[in-house]
Every structure is written in C-alpha cells, then in structure tokens.
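**Q** After the structure tokens below, expect a handful of questions from me.
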Amino acid sequence: MGTIVDVLTEIAMSQVVWSILCILLAAGVIREQRKENVKRENDLIALYQQHWSQSQEREAALLQHLKESNDAQNEIGKTLKQIRNNLGSLEERVEKMENRQYGRG
Numbered sequence: 021m022g023t024i025v026d027v028l029t030e031i032a033m034s035q036v037v038w039s040i041l042c043i044l045l046a047a048g049v050i051r052e053q054r055k056e057n058v059k060r061e062n063d064l065i066a067l068y069q070q071h072w073s074q075s076q077e078r079e080a081a082l083l084q085h086l087k088e089s090n091d092a093q094n095e096i097g098k099t100l101k102q103i104r105n106n107l108g109s110l111e112e113r114v115e116k117m118e119n120r121q122y123g124r125g
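With the first letter of the sequence shown counted as 1, position 43 gets the number 63 in our numbering; the numbers rise by one all the way through.
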C-alpha cells in the first residue's frame with residue numbers, strides 16, 4: 021500500500037499533472053467565454069434590430085407630421101390670399117362709398 025500512496029503522491033507533485041490541469045482549466049474558461057460572447061452578440065443584434073425598427077416608426081411618424089404641417093400651411097396660404105382679395109374688394113367698396121357720399125367722383 022505504501023507504494024501506491026507514494027506513486028500517487030509523486031504524480032500529484034508532478035509538474036506535468038498541474039500543467040495538464042491548468043491547460044484544461046484555461047480551455048474551459050475560453051469555451052465559456054465564447055459561449056458568453058455568442059450570447060452577448062445575439063443580444064446586441066436583437067437590440068440593434070429593435071432600435072432600427074423603432075427609428076423607422078419614428079421616421080414614418082415624423083414624415084406624416086411634416087406632410088400634415090405642409091398641408092396646413094398650404095391651407096393657411098390659400099386663406100390669406102382670399103383675405104387679401106376680400107380686403108382689396110372691401111377697400112374699393114369703401115372708396116366708392118366715400119366718393120359718392122362726399123361727392124368726389
């Protein structure tokens with residue numbers, strides 16, 4: 021029995037065994053890091069796609085708002101043109117009335 025214990029002790033003290041254990045540990049750590057990196061990459065891709073989709077929705081909403089604003093401004097322009105025409109007609113009428121009343125024309 022003493023010889024088996026001595027052999028096991030000698031194996032445990034051997035640098036080769038510790039080197040193999042360190043290599044196995046490093047390989048395990050690297051493998052776990054790769055798994056974690058793949059998961060992070062997939063999460064990042066999903067987040068990017070979500071943000072891209074949201075930005076497309078925001079852009080569509082902004083373009084719709086811009087179109088509505090442009091349409092409203094066009095209507096305001098038409099209304100102002102009508103007001104200007106009506107004001108011109110009103111000025112002409114007032115001038116004609118003044119001329120008739122004061123005998124200028």
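Glycine is no exception: its CB is placed at the ideal position from the N, C-alpha and C atoms.
(1) Quick one: give me the first and last residue of the alpha helix (DSSP H) that G97 is part of.
(2) Could you check how far apart the C-beta atoms of V25 and I31 are, in whole angstroms? I think they sit under 8 Å.
(3) Between the alpha carbons of G97 and R78, how many angstroms are there, rounded?
(4) Can you give me the C-alpha to C-alpha distance between S73 and I65, rounded to a whole angstrom?
(5) In angstroms with no decimal places, state the Cα-to-Cα distance between N62 and E56.
**A** Considering the structure as presented:
(1) Start and end: Q35 to Y122.
(2) The beta-carbon distance between V25 and I31, rounded to whole angstroms, is 11 Å. This is too long to meet the 8 Å contact definition.
(3) Taking the straight line joining both Cα atoms gives about 28 Å.
(4) Cα atoms of S73 and I65: separation of roughly 12 Å, rounded to the nearest angstrom.
(5) Using only the alpha carbons, I get a separation of about 10 Å.
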